[in-house]
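Enquirer:
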Amino acid sequence: MLNTGHRHPKVVAAVAEQLQAFTHTAYQIVPYESYVSLAERINDLAPIDGPAKTAFFTTGAEAVENAVKIARAYTGRPGLITFGGGFHGRTFMTMALTGKVAPYKIGFGPFPGSVYHGVYPNAAHGVTTADALKSLERIFKADIAPDQVAAIILEPIQGEGGFNVAPADFMQALRDLCDTHGILLIADEVQTGFARTGKLFAMQHYEVKPDLMTMAKSLAGGFPLSGVVGRAEVMDAPAQAGWAEPMPVTRWRWPRRTRCWM
């Protein structure tokens, strides 16, 4: 959360300056410069193929929820594939995506449908890339046809699942699989983003670019801010489908937060 430490002078100064201007506005009604500036900066930094666009939210779970909405709007498909051991949040959709029952999901079901869990490679437990890919083949045969899958979502390094690093050949195979079937690849970088792995984003360790990527935690110096960045044509899909906003929340665009990152 605090890549710059507690009370970094630049963060404190940015908050104070913003408070002297205005404390809150709904961006879709009264836009403000720091939102646009931060979005443009993320567009430049994120490992996305081609022109990118960014939308900001409040929490990591909201970012993942909105990535799902965007993927479904773009593809017109319901299905989602994720992986055992993964953690994506504590809202109902993100609990459904999370591949770990205890302590996150006990007593909270039923969860949203059309979510399927594959096996995540784990050398410590003898799970190979081939094993993981076979689990996806089983999903396509037994549970849902690939042309009904909107997205495959994964953490490039599982956090809550035990700090499991996705092998490079697995990530490339996922990219190829998604390209073959018109499925979007979503990288959940809520935990790994912003230089926690030696690069700004964990996906930069791979020769693979996701279609959508989520971020939060370290994004705003301890203030609650999250985001989704993705290919511009994918990010535009909700508006083209007639949605006014993917997920309107009163405080999802709070000027102090975007100023903190800048």
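In this note's numbering, the protein residues as written are 2 to 263.
Glycine residues also receive a C-beta, built at the ideal position from the N, C-alpha and C atoms.
None of these values were measured; they are calculated from a predicted model.
Mapping the DSSP letters down to three states, classify serine 115 as helix, strand or coil.
Expert: Working through the sequence shown from its first residue, we reach residue 115 at position 114. The answer is coil: DSSP assigns serine 115 none of H, G, I, E or B.
Enquirer: Identify the continuous alpha helix (DSSP H) that holds leucine 175 and give its terminal residues.
Expert: Locating residue 175 in the sequence shown gives position 174, counting from the first residue. That run of the alpha helix (DSSP H) goes 169-182.
Enquirer: According to DSSP, simplified to helix, strand and coil, what is asparagine 123?
Expert: Position 122 of the sequence shown, counted from the start, is the residue given in the question as residue 123. Here asparagine 123 sits in strand by DSSP.
Enquirer: Could you have a look at arginine 78 and say whether DSSP puts it in helix, strand or coil?
Expert: Sequence index remark: in the sequence shown, residue 78 carries index 77 (1-based). Reduced to three states, the DSSP call for arginine 78 is coil.
Enquirer: Which ranges does the beta strand (DSSP E) cover as unbroken runs of at least 3 residues, wholly within the stretch 136-168, from first to last along the chain?
Expert: 150-155
Enquirer: Between arginine 73 and the rest of its own chain, which residues show a CB-CB distance below 6 Å, the 5 nearest in sequence each way excluded?
Expert: For the purposes of this step, residue 73 is taken as residue 72 along the sequence shown, with counting starting at 1. Once the five neighbours on either side are set aside, the close Cβ partners of arginine 73 are Ala151.
Enquirer: Straight-line CA distance for leucine 134 to glycine 222?
Expert: What you label residue 134 is simply residue 133 of the sequence shown in a count that begins at 1. What you label residue 222 is simply residue 221 of the sequence shown in a count that begins at 1. Those two C-alpha atoms are separated by around 38 Å.
Enquirer: How about serine 219 and phenylalanine 195: are their beta carbons less than 7 Å apart?
Expert: For the purposes of this step, residue 219 is taken as residue 218 along the sequence shown, with counting starting at 1. For the purposes of this step, residue 195 is taken as residue 194 along the sequence shown, with counting starting at 1. Contact: yes.
Enquirer: Ordered along the chain, which non-local residues of its own chain (more than five positions away) have a Cβ less than 6 Å from that of alanine 40?
Expert: Counting from 1 along the sequence shown, the entry for residue 40 is found at position 39. Correct list, in chain order: Thr55.
Enquirer: Between proline 111 and the rest of its own chain, which residues show a CB-CB distance below 6 Å, the 5 nearest in sequence each way excluded?
Expert: Numbered from its first residue, the sequence shown carries residue 111 at position 110. For proline 111, where only same-chain residues beyond five positions count, there are no Cβ hits under 6 Å.
Enquirer: Note down, in chain order, each residue of its chain lying with its Cβ closer than 8 Å to the Cβ of glutamate 190, except the 5 sequence neighbours on either side.
Expert: Translated into positions along the sequence shown, residue 190 becomes position 189. Excluding residues within five positions, the ones whose Cβ falls inside 8 Å are Glu156, Pro157, Phe202, Ala203, Met204, Met214, Thr215 and Met216.
Enquirer: Distance cutoff 7 Å, beta carbons only. Does threonine 76 sit that close to anything in chain B?
Expert: The structure shown has no chain B; it contains just one protein chain.
Enquirer: Is tyrosine 75 near valine 235, with beta carbons less than 7 Å apart?
Expert: Reading the sequence shown from its first residue, position 74 is the one you call residue 75. Reading the sequence shown from its first residue, position 234 is the one you call residue 235. Taking 7 Å as the Cβ cut-off, tyrosine 75 and valine 235 qualify as a contacting pair.
Enquirer: Using three-state DSSP, classify lysine 54 as helix, strand or coil.
Expert: As a working mapping, residue 54 is identified with position 53 in the sequence shown. Here lysine 54 sits in strand by DSSP.
Enquirer: Under three-state DSSP, which class holds glycine 6?
Expert: In the sequence shown, the residue the question calls residue 6 occupies position 5. Looking at glycine 6 - three-state DSSP - the assignment turns out to be coil, as it is neither helix nor strand.
Enquirer: Find out if the Cβ-Cβ distance for the pair glycine 87, glutamine 159 is shorter than 7 Å.
Expert: As a first step, residue 87 is located in the sequence shown; it is residue number 86 there, counting from the start. As a first step, residue 159 is located in the sequence shown; it is residue number 158 there, counting from the start. Closer than 7 Å, so yes.
Enquirer: Ignoring anything shorter than 4 residues, give me the alpha helix (DSSP H) runs that lie fully in the stretch 222-246, in order along the chain.
Expert: 233-236 and 238-241
Enquirer: Measure the C-alpha to C-alpha separation of glycine 61 and glycine 127 and round it to an integer number of angstroms.
Expert: For the purposes of this step, residue 61 is taken as the residue at position 60 of the sequence shown. For the purposes of this step, residue 127 is taken as the residue at position 126 of the sequence shown. Roughly 30 Å separates the two Cα atoms.
Enquirer: By the three-class DSSP mapping on this structure, what secondary structure does valine 12 have?
Expert: Translated into positions along the sequence shown, residue 12 becomes position 11. The answer is helix: DSSP assigns valine 12 an H, G or I state.
Enquirer: Which residues share a DSSP beta bridge with aspartate 189?
Expert: As a working mapping, residue 189 is identified with position 188 in the sequence shown. In DSSP, aspartate 189 forms a bridge with Thr215.
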